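Asks:
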Amino acid sequence: MAAASRKAQIKNLQNAILLVFFVIALIIFSMFFYSNITHRMKQDVEEIRHIQTILAVAGISQMGEFSCSGIDYCIDFEKVKAFNQLRRSSPEYADYLFSRLGFAKVHLHSQSTGNQLAEVYAREPETGEFSRILRFNIPCLIYDADSEKGSLGYFNITMYQR
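In the numbering used here, the protein residues as written are 118 to 279.
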């Protein structure tokens, strides 16, 4: 009877050790799975931010506030001047632009001279708590109604992201 009791104790001990190893393996697998999932989620968030930034940047040259009617990537310089006056005089309009562009700087440059023609939008963050600063140049055609000529130019865009 003592031998049977001893065998039962050994069997119970084996089962307990097996259960402990199983629980440890389950914990290790869960930790690996969790870290892998969080890493993928962070990558997906970064990809979504990048796509949103590209869409915002591409949309700047298509904004009706200063684009030529009916011509893609064409900027009417007279509209840009009027746009700047409206932006500076109307806080509500500046808030509307902030909802579209967020913290960013947008300047219009001439390709031939390299000079900055106009500051289209500027709202920089007050603190340095932004993790990424993205810079883009988007080519466009600048039409000047005074000279009735078009010239090549580009938008220089700096966007700040958390």
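C-beta atoms are modelled at their ideal positions from N, C-alpha and C, and glycine is treated no differently.
Just so you know, these numbers come straight off a predicted model, no measurement behind them.
1. From which residue to which residue does the beta strand (DSSP E) around proline 208 run?
2. Quick one, are the C-beta atoms of serine 178 and isoleucine 255 less than 7 Å apart?
3. Taking 7 Å as the limit between beta carbons, can you name the residues of its chain near glutamate 182, skipping five residues before and five after?
4. Counting only the same chain and skipping the five closest in sequence on each side, list residues whose C-beta sits under 8 Å from that of glycine 270.
5. Can you give the Cα-Cα distance for leucine 130 and histidine 156, rounded to whole angstroms?
6. Determine the contact status of alanine 221 and methionine 276, defining contact as a CB-CB distance below 7 Å.
7. Whole angstroms are fine: how far does the CA of asparagine 132 sit from the CA of arginine 123?
8. Going by the beta-carbon positions, is the gap between leucine 203 and tyrosine 238 smaller than 7 Å?
9. Please name the residue, chosen from Glu265, Lys128, Phe194, that lies closest to phenylalanine 272 on a Cα-to-Cα basis.
10. Looking only at C-alpha atoms, which of Ile250, Thr230, Gly267, Asp261 sits nearest to threonine 170?
11. Who are the Cβ neighbours of glutamate 236 in its own chain at under 6 Å, not counting the five residues just before and after it?
12. Using a threshold of 7 Å, state whether the C-beta atoms of arginine 279 and phenylalanine 247 are closer than that.
Replies: Reading off the structure:
1. Taking the first residue of the sequence shown as 1, we reach residue 208 at position 91. Where proline 208 is concerned, there is no enclosing beta strand (DSSP E), although the alpha helix (DSSP H) it sits in stretches over 208-218.
2. Indexing the sequence shown from 1 puts residue 178 at position 61. Indexing the sequence shown from 1 puts residue 255 at position 138. Yes. Within cutoff.
3. For this step, residue 182 is matched to residue 65 along the sequence shown. The answer, listed in chain order, is Lys196, Phe200.
4. The residue you call residue 270 lines up with position 153 of the sequence shown. Closer than 8 Å at Cβ, skipping near neighbours: Ile192, Leu225, His226, Ser227, Gln228, Leu234, Pro256, Cys257, Leu258, Ile259.
5. Mapped onto the sequence shown, residue 130 falls at position 13. Mapped onto the sequence shown, residue 156 falls at position 39. Looking at the two C-alpha atoms, the distance is approximately 39 Å.
6. As a position in the sequence shown, residue 221 is number 104, starting the count at 1. As a position in the sequence shown, residue 276 is number 159, starting the count at 1. Yes; because the gap between Cβ atoms is below 7 Å, this pair is in contact.
7. In the sequence shown, counting from the first residue as 1, residue 123 sits at position 6. In the sequence shown, counting from the first residue as 1, residue 132 sits at position 15. Taking the straight line joining both Cα atoms gives about 14 Å.
8. Taking the first residue of the sequence shown as position 1, residue 203 is located at position 86. Taking the first residue of the sequence shown as position 1, residue 238 is located at position 121. No; because the gap between Cβ atoms is not below 7 Å, this pair is not in contact.
9. Numbered from its first residue, the sequence shown carries residue 272 at position 155. Among Glu265, Lys128, Phe194, the Cα nearest to that of phenylalanine 272 is on Phe194.
10. Within the sequence shown, numbered from 1, the residue matching residue 170 stands at position 53. The candidate whose alpha carbon is nearest that of threonine 170 is Ile250.
11. Indexing the sequence shown from 1 puts residue 236 at position 119. His224, listed in sequence order.
12. Your numbering for residue 279 matches position 162 in the sequence shown. Your numbering for residue 247 matches position 130 in the sequence shown. It is a contact, given that the beta carbons lie within the stated cut-off.
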